[in-house]
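Input: a single structure, listed below in structure tokens.
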Amino acid sequence: MKRFILLSSLIFAGLASAQEINGGPVNVPTEGVIDGVYLTEHVPTKRMIPYEFVREADVLFSKRVWRTIDMREKINHTMYLPFDYHTPSGEYVRNSSRWSLWTILRHHIVSGELKVFYPMNPLQESMKDGDQFKYPLAAEAGKDYSNDSVFAKKLIEFKMLGFKGVESDQAISNAAGDGDSVIYLADGTPKTVYPAVDTFWYDSKDIVQYQLKEDWFFDKERSVMDVRILGLAPVIYERDENNQILGSRVLYWVYFPHCRYILNNYFVYNEQNDANWMSFDDLFWKRQFNSTIFKESNVFDREIETYRTGVDALMESEKITEEIRNYEHDVWNF
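Here this note's numbering = 1-based position in the sequence shown + 22.
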């Protein structure tokens with residue numbers, strides 16, 4: 023009995039110290055306090071289930087598709103909610119028990135634990151081939167957003183996590199309020215002081231879609247049709263100075279096999295049972311989301327919207343889905 027109590031205490035202390043106060047997936051808001059009947063330790067401590075090994079020689083069929091997951095659909099709200107937000111004073115506020123998919127990705131990018139990929143060639147922005155994972159951006163080893171100036175600058179310069187406000191040409195008034203505020207540098211040179219340029223951060227409510235890049239394949243060794251998600255990308259609306267929508271824009275791409283190690287230990291809300299929350303990795307593994315195919319691998323390397331629009335585009339998406347499903351069915355049709 024004493025051994026059990028000691029072991030439980032060690033687990034409790036380890037989980038409490040590993041999480042931020044009022045942030046993260048464990049229901050331990052402060053040391054010595056459990057927000058619930060029991061310690062929810064299964065998801066935060068469980069190991070990631072590895073993919074089955076697949077040989078090239080065992081793949082009889084393969085099809086690459088790109089999907090959009092619309093955050094407006096109710097079934098996808100488990101990714102979208104709860105909202106995080108920034109207060110007028112700049113404080114970042116997150117839910118105390120579970121995070122949205124955006125909050126998780128943002129947290130681990132800022133902390134330098136997750137590598138991101140530019141959505142375009144950073145030297146030639148017209149080349150929108152970021153889903154090929156050719157242009158990585160990562161913090162230096164042991165550093166993060168707060169102490170890696172190059173990493174922080176690129177994240178904001180390319181509007182991955184937020185953007186800089188417009189610089190003001192109106193100088194700050196002096197104490198008397200009748201002129202410009204001037205400081206003198208060490209060499210005696212006068213310098214006019216202007217207001218600091220604010221950084222406007224994207225919050226989870228700004229994310230309207232996620233894009234997925236995935237490969238479907240038939241493995242003859244196991245005789246199953248299987249899927250591997252390769253990439254994940256959040257999408258926002260691009261707006262003008264009048265807040266009018268100009269179009270959508272991919273913020274960045276992340277390599278999904280890297281994300282699995284992170285998503286494996288964060289809760290997904292279950293509307294039916296609070297005692298049966300799964301992880302985000304489980305959600306993607308079990309395909310508990312709704313999506314629409316907007317591109318498949320093809321000789322033109324084009325998206326569906328270039329040759330179908332409206333309802334026809336949705337029907338084309340369903341047609342591609344049925345072709346993939348029917349392949350496995352036809353294998354067993356003698």
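Glycine residues also receive a C-beta, built at the ideal position from the N, C-alpha and C atoms.
Measure the beta-carbon distance from residue i to residue j and round it to whole angstroms, keeping in mind my assumption that it falls under 8 Å.
i: Phe155; j: Phe173; result: Not really, about 18 Å apart at Cβ, beyond 8 Å.
i: Leu305; j: Thr62; result: Rounded, the Cβ-Cβ distance is 17 Å, inconsistent with contact.
i: Lys235; j: Asp153; result: 5 Å
i: Tyr291; j: Arg94; result: Wrong, their Cβ atoms sit about 17 Å apart, outside the cutoff.
Taking Cβ to Cβ, would you say residue i is nearer than 8 Å to residue j?
i: Asp262; j: Leu268; result: yes
i: Ser360; j: Leu145; result: Because residue 360 is not part of the residues shown, which for the chain are 23 to 356, the question remains open.
i: Gln266; j: Ile91; result: no
i: Val87; j: Glu340; result: no
i: Lys175; j: Gly134; result: no
i: Phe322; j: Ser84; result: no
i: Leu252; j: Phe278; result: yes
i: Ser226; j: Phe105; result: yes
i: Val65; j: Asn287; result: yes
i: Asp80; j: Lys242; result: yes
i: Gln233; j: Arg330; result: no
i: Val276; j: Leu136; result: yes
i: Met182; j: Tyr283; result: no
i: Ile326; j: Ala335; result: yes
i: Pro141; j: Lys150; result: yes
i: Glu74; j: Arg324; result: no
i: Asp170; j: Glu162; result: yes
Can you tell me which of the options puts its alpha carbon nearest to the alpha carbon of residue i?
i: Asp228; options: Lys175, Asp241, Pro110 and Thr125; result: Thr125
i: Gln310; options: Ile71, Phe278, Ile97 and Arg324; result: Ile97
i: Phe289; options: Lys176, Phe316 and Phe302; result: Phe302
i: Val59; options: Asn49, Met101, Ile326 and Glu53; result: Asn49
i: Gly184; options: Arg77, Arg116 and Ile258; result: Ile258
i: Leu82; options: Pro256, Val246 and Glu74; result: Val246
i: Leu127; options: Ser313, Tyr224 and Glu350; result: Tyr224
i: Val76; options: Glu344, Glu338, Pro110 and Arg250; result: Arg250
i: Ile71; options: Ala297, Leu285, Val55 and Ala160; result: Leu285
i: His280; options: Ala160, Gly332 and Val272; result: Ala160
i: Ser118; options: Glu179, Ile56 and Glu293; result: Ile56
i: Tyr167; options: Asn143, His129, Ser148 and Glu147; result: His129
i: Pro51; options: Pro110, Thr67, Asn320 and Arg116; result: Arg116
i: Asn143; options: Met337, Glu344 and Val272; result: Val272
i: Asp248; options: Ala297, Gln294, Glu350 and Pro256; result: Glu350
i: Lys308; options: Met300, Thr314 and Asn348; result: Met300
i: Asp237; options: Asn298, Lys68 and Thr343; result: Thr343
i: Phe316; options: Asn298, Asp296, Ala297 and Met337; result: Met337
i: Gly332; options: Ala297, Thr314 and Glu147; result: Thr314
Report yes or no: is there a C-beta of chain D within less than 8 Å of the C-beta of residue i?
i: Ile126; result: The chain inventory of the structure shown lacks chain D, comprising one protein chain alone.
Tell me where the alpha helix (DSSP H) around residue i begins and ends.
i: Val65; result: His64 to Thr67
i: Gly332; result: Gly332 to Val353
i: Lys176; result: Ser171 to Glu179
i: Leu305; result: Phe302 to Trp307
i: Arg244; result: Segment: none, Arg244 is in no alpha helix (DSSP H) and carries neither H nor E.
i: Pro51; result: Unbroken run through Pro51: none, as it is neither H nor E.
i: Pro279; result: Phe278 to Leu285
Taking the continuous beta strand (DSSP E) assigned at residue i, which residues delimit it?
i: Ile326; result: It is not in any beta strand (DSSP E) - Ile326 carries neither H nor E in the DSSP assignment.
i: Thr221; result: Thr221 to Trp223
i: Asn314; result: It is worth fixing the name first, because residue 314 is Thr in this sequence and not Asn. Per DSSP, Thr314 belongs to the beta strand (DSSP E) from Thr314 to Glu318.
i: Phe83; result: Val81 to Asp92
i: Asp106; result: Segment: none, Asp106 is in no beta strand (DSSP E) and carries neither H nor E.
i: Leu234; result: Ile229 to Asp241
i: Leu268; result: Ile267 to Val272
Run through the region 110–189 for me and flag every whole beta strand (DSSP E) of 3 or more residues, listed as ranges in chain order.
-> Entirely contained in the region 110–189, the beta strand (DSSP E) runs reaching 3 residues are, in chain order, 184–186.
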